[in-house]
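Here's the structure we're looking at; comments come further down.
Residue numbers (our numbering): 178 to 568.
Take a look at the structure:
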């Protein structure tokens, strides 16, 4: 995994805007409407090529396929794994949404309105049988498609990554109706995801594990429990992740943790200080954390007490993925300089985004043209910070 050797490198968290025709087909498919699978594949291939080119033009050093071949950062696994089916259950509501009745009304009509996006709520997926990764060819084909796009855009990135969800977010959002316990369910998911994790690294890509569950589930599944109970869940998930990574070199993996990619109050979020000691037990070479949004912008300071390992890097979120404000490069630079001061070594800090821009098709809140402007601003801010940190 690259370090910022002579300047702050730029990356992002994964999902980028999808073309409208592709988004429309993903939404129709998620709602059970007939779609042309070949057309989806064709549009996805083209979208990957466009995404790589646009990332490169925006100044991204460590990029990916924009998650264009997937309709969601984790729901795509329904096509790749056995054991999942439809059920009848409701995902726990967010504590910060329930806290504000007027906001909840707006939330219901804008953020989670049915029919406008791909969402776990559309199908209420459950685990109804043994969870297995059906065929490694699915992930291998996705890695080949990205590498083909990179060949068509030589020099686009200094390094490329591909994401895959944590066992914990799958276990939280796809209810267990089959295994005897959460531990058994997480173990099965770990074994299945191990196939995907290893395939990504074998393809020569950096693996990013998307684990919003390690913070998000505190104000959802565990909102009525003591914080210690939630930390026990975090410990179980980290153990499951480490099991899945047993054959993956530590320096080929980065772990993304966040409190949910939603424009909501977030005043029920668990403090990073409560979970960071456990998260740092993950056998990974880097962490991707959000430090641009108003609720967690200060929490990089936790790394003064809970230090990274000598071989680890931090991707600091310096761009908010939920607002159409384009950050000023000086703001980006200031954020990076503050993080670098706490880490104590600017070579171990990369500039990134708080989360993805379109984690499920149709859910993005930032318009496509503004997304690319924000990424350009991130690169400009990283250049300003580099002038001060590496001179």
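Idealized CB from N, CA, C, for every residue including glycine. Since this is a predicted model, take the numbers as computed values, not measurements.
- According to the DSSP assignment, residue 329 belongs to no beta strand (DSSP E) but to the alpha helix (DSSP H) extending over 314-329.
- Spatial neighbours of residue 514 in its own chain (CB-CB distance under 8 Å, excluding positions within 5 residues in sequence) are listed in chain order as 562, 565, 566.
- One Cα belongs to residue 509, the other to residue 557, and the distance between them is close to 8 Å.
- Residue nearest to residue 185 within the set 238, 270, 200 is 238 (criterion: CA-CA distance).
- Counting the other CB atoms within 10 Å of its CB gives residue 208 a total below 16, which places it among the exposed residues.
- Taking 4 residues as the shortest admissible run, the region 355-413 contains the following complete alpha helix (DSSP H) segments, listed from N- to C-terminal end: 359-379, 390-393.
- DSSP links residue 467 through a beta bridge to 494.
- In this structure, 400 is the residue among 224, 400, 262 with its C-alpha nearest to the C-alpha of residue 276.
- DSSP places residue 178 outside both helix and strand once states are collapsed to three, so it counts as coil.
- Straight across, the Cα-Cα distance linking residue 355 with residue 366 is about 12 Å.
- Around the beta carbon of residue 266, fewer than 16 other beta carbons lie within 10 angstroms, which makes this residue exposed.
- Distance from the Cα of residue 378 is smallest, within the candidate group 352, 313, 346, for 313.
- Taking the Cα positions, residue 182 is about 19 Å away from residue 430.
- Per DSSP, the continuous alpha helix (DSSP H) segment holding residue 256 begins and ends at 254-257.
- Straight across, the Cα-Cα distance linking residue 407 with residue 413 is about 10 Å.
- The region 538-555 and the region 192-208 touch, with no fewer than 3 CB-CB distances between them shorter than 8 Å.
- For the 8 Å CB-CB criterion, residue 444 and residue 469 do not form a contact.
- With contacts defined by Cβ atoms closer than 8 Å, residue 308 and residue 260 form a contacting pair.
- Secondary structure note for residue 547: it is in no beta strand (DSSP E), and the uninterrupted alpha helix (DSSP H) holding it is 545-566.
- Burial check for residue 404: the Cβ neighbour count within 10 Å stays below 16, so the residue is exposed.
- For residue 500, there are no CB contacts under 6 Å within the same chain when 5 residues up- and downstream are skipped.
- Two segments are said to touch when three or more pairs of C-beta atoms, one from each, lie closer than 8 Å; by this definition the region 413-422 touches the region 369-376.
- Secondary structure at residue 338: strand, using DSSP grouped into helix, strand and coil.
- Taking C-alpha positions only, residue 203 is separated from residue 482 by approximately 44 Å.
- Looking at the backbone, the Cα of residue 284 and that of residue 274 are separated by about 8 Å.
- With a cutoff of 8 Å on beta-carbon distance, residue 516 and residue 477 are scored as near each other.
- Residue 280 and residue 502 have their C-alpha atoms roughly 21 Å apart.
- In the assembly as shown, residue 306 is an exposed residue. Its beta-carbon has fewer than 16 other beta-carbons within 10 Å.
- Counting C-beta atoms within 10 angstroms of its own C-beta, residue 329 has fewer than 16 neighbours from the protein chains shown and is therefore classed as exposed.
- In the structure shown, residue 192 falls within a coil segment according to DSSP collapsed to helix, strand and coil.
- By the neighbour-count definition (other C-beta atoms within 10 Å, threshold 16), residue 188 is a buried residue.
- The straight-line gap separating the alpha-carbon atoms of residue 192 and residue 293 is approximately 18 Å.
- Note on geometry: alpha-carbon atoms of residue 487 and residue 336 lie some 21 Å from one another.
- Residue 211 has its alpha-carbon roughly 42 Å from the corresponding atom of residue 462.
- If you look at residue 530, you'll find it in the beta strand (DSSP E) that goes 526-530.
- Between the C-alpha atoms of residue 190 and residue 529 there is a straight-line separation of about 7 Å.
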